[in-house]
Every structure is written in structure tokens, then in C-alpha cells.
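Remarks on the structure that follows.
Residue numbers (our numbering): 256 to 445.
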């Protein structure tokens, strides 16, 4: 796993620690690690470590893939990580339990809105705030591991993706250029 850790630390900053899978989590649930002081100023990142060990089915084919999940937010006052570690854990556990990969363009409803109430779902995206080489890494066992960025979105944005498709949503993102790291950002004008 050193290749994966080096890959993540190279963009996200030094890993400050990791939470083990919670008691009662599905077998194979990964740890969630906390990173800071990376390429994005004042940003903390949370990523799964070890999700790649579970081959996940791709819904649109008979293939399996290996993934790690990423979520980012601005650093909070003090040392509190905020809600994202639990969000990453929730999605990872669902993937391990269901055996299906989260793919670019997927919308994942949250069981409760994030603090502030406007973000009710997550959008699976490429981690475009980083260089293209960050999108995947080949680890020691030869597996290619993709990085899926979980971006908090509003219910209006989630409905837009479901109705208009992920390509139209990403075009709206490019046109309006919101700060996707800010989990308190205003929703897109759709």
C-alpha cells in the first residue's frame, strides 16, 4: 500500500491519521484517512485507504474495478474534521456491502443533509482540482486504482443530473465554476 499512500500524500498533503472501520461495518470496509497541507491551500482531504481490496462491479459491464474515495473541504477552526469522514465511510460501506462501484456521474443520496441543510447528495466526479495523473495509480500488486471524488450537491443539482445527465451537469459546472471544495457553496443556477 505504500504506492497508494505516496500517491495520495503527493497531492493531498501529509496523512495526519486514519479512522479504522467502525464496529459493525461490513467486512472489508476501509479506513478513512485525513490529509492536510497539500496542493490546495487551506484544504483538508479525506480518502479511503484499502477500499481497493474489494473488487467492485461496474454496472454497465461485466468488469470489476478498484477504487478509493476522496472528499475535500476547507480546514475548520481548531482540529475538528467536520462531517466528511462520516460521509466517506457511509459511501464506502455501501459499496463494500453492495459490491458495486461508484462511477463518474453517479448521484448518491445522503441519509441526512450535511450541516447547513442544502447538500443532500454526493456527485461522483474525477478529482479535477488535481493533475490528470492523480485520477488513478498502479499499486504494488499491479492493480489500477481509480480515485473517485465525492462532491456534495444540492437536491436541485441531484435532480438535474438524474434528468439531464452527468455531461450536462459537468457543462454547467464548467460554465458557472463554483468552488467545489466549499461544502457551504450556493447551488448552481440550473
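Quick reminder that beta carbons are idealized off the backbone N, C-alpha and C, glycines included.
Flag this pair as yes or no: are the beta carbons of residue 323 and residue 259 separated by less than 8 Å? yes
Which two residues bound the contiguous alpha helix (DSSP H) that contains residue 260? 257-267
Length at least 3, wholly inside the segment 301-386: the beta strand (DSSP E) runs in chain order: 319-329, 362-364 and 374-380
Decide yes or no for the touch test of the segment 378-386 against the segment 305-320: beta carbon pairs closer than 8 Å, at least 3 of them. no
Could you work out which residue in 390, 343 and 419 is closest to residue 448 when comparing CA atoms only? This structure gives no information on residue 448, because the portion of the chain shown stretches from 256 to 445.
Of the residues 435, 438 and 282, which one's Cα is nearest the Cα of residue 349? 282
Taking residue 445 as the reference, which of 347, 436 and 419 has the closest Cα? Checked all of 347, 436 and 419; the closest Cα to residue 445 is 419.
Interface flag, residue 336 vs chain E, CB-CB below 8 Å: Protein chain content of the structure displayed is limited to a single chain, and chain E is not contained in it.
Assumed close pair residue 411, residue 435 - CB separation to whole angstroms, cut-off 8 Å: About 16 Å separates the two Cβ atoms, so there is no contact after all.
How long is the line joining the alpha carbons of residue 371 and residue 438, rounded to whole angstroms? 9 Å
Sub-8 Å separation of residue 300 and residue 325 beta-carbons: yes
Which stretch, first to last residue, makes up the alpha helix (DSSP H) that contains residue 410? 410-419
Apply the 10 Å Cβ neighbour rule to residue 319 and answer buried if 16 or more other Cβ atoms are within range, or exposed otherwise. exposed
What number of angstroms, rounded off, separates the C-alpha of residue 360 from the C-alpha of residue 422? 8 Å
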